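Visitor: Next up is a structure, given as structure tokens.
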Amino acid sequence: MKDSYLTVLVVGLGLAVMILYMVRRDHIYIRQGMFWILVAAISTLFGLYPPLVDVVGGAFGVAYPPTLLLLVAIIVLLLKALLGDIALTKVRRDLRRLNQRIALLETSELLPRAGEPGEK
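Residue numbers for the sequence shown follow the working numbering, beginning at 47 and rising by one.
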């Protein structure tokens, strides 16, 4: 086994272990963890069976198959970044709406304002 294949295999297994640890410790949601576990599994698969890159590249008619792997990786990471931005936008919008509702409740005297008596 070549050193580069062994490196890919170790990186894939290490990533899988790290993601499982982070999911277990609640540092990352299971939904995002599943994506990264899939990435680790694919990396491990290519580390265990390196000619798979050539087989997949040949099936798509790519002259130099590792470029297909890099292209797919770039596209997947761009999509992941886009989905992350969409989720962040939703959270920020919800937070802004929640702040507006709190401000409305405070002005209608249903909630004591911060720093006023009646607050625990």
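We treat Cβ as the ideally placed atom computed from N, Cα and C, and that holds for glycine. Here the structure is a predicted model, which is why all the values come from computation and not from measurement.
Taking the alpha helix (DSSP H) that Glu152 falls in, what are its first and last residues?
Guide: Unbroken alpha helix (DSSP H) run through Glu152: 111-153.
Visitor: Just how far apart, CA to CA, sit Ile132 and Asp72?
Guide: Rounded to the nearest angstrom, the two C-alpha atoms are 22 Å apart.
Visitor: Is the distance from the Cβ of Pro111 to the Cβ of Val99 below 8 Å?
Guide: Yes, Cβ-Cβ distance for Pro111 and Val99 is below 8 Å.
Visitor: Helix, strand or coil for Arg77, going by three-state DSSP, please let me know.
Guide: Residue state, collapsed to three classes: helix.
Visitor: Going by other Cβ atoms of all chains shown within 10 Å of its Cβ, with 16 needed for buried, is Gly60 buried or exposed?
Guide: When all chains shown are included, Gly60 counts as exposed.
Visitor: Check Gly107 in the structure and name its three-state DSSP category.
Guide: Gly107: coil per DSSP, three-state reduction.
Visitor: If we ignore side chains and look at the alpha-carbon of each, how far apart do Thr135 and Leu141 end up?
Guide: Going from the Cα of Thr135 to the Cα of Leu141 covers about 10 Å.
Visitor: According to DSSP, is Tyr67 helix, strand or coil?
Guide: Of the three classes helix, strand and coil, the one that applies to Tyr67 here is helix, per DSSP.
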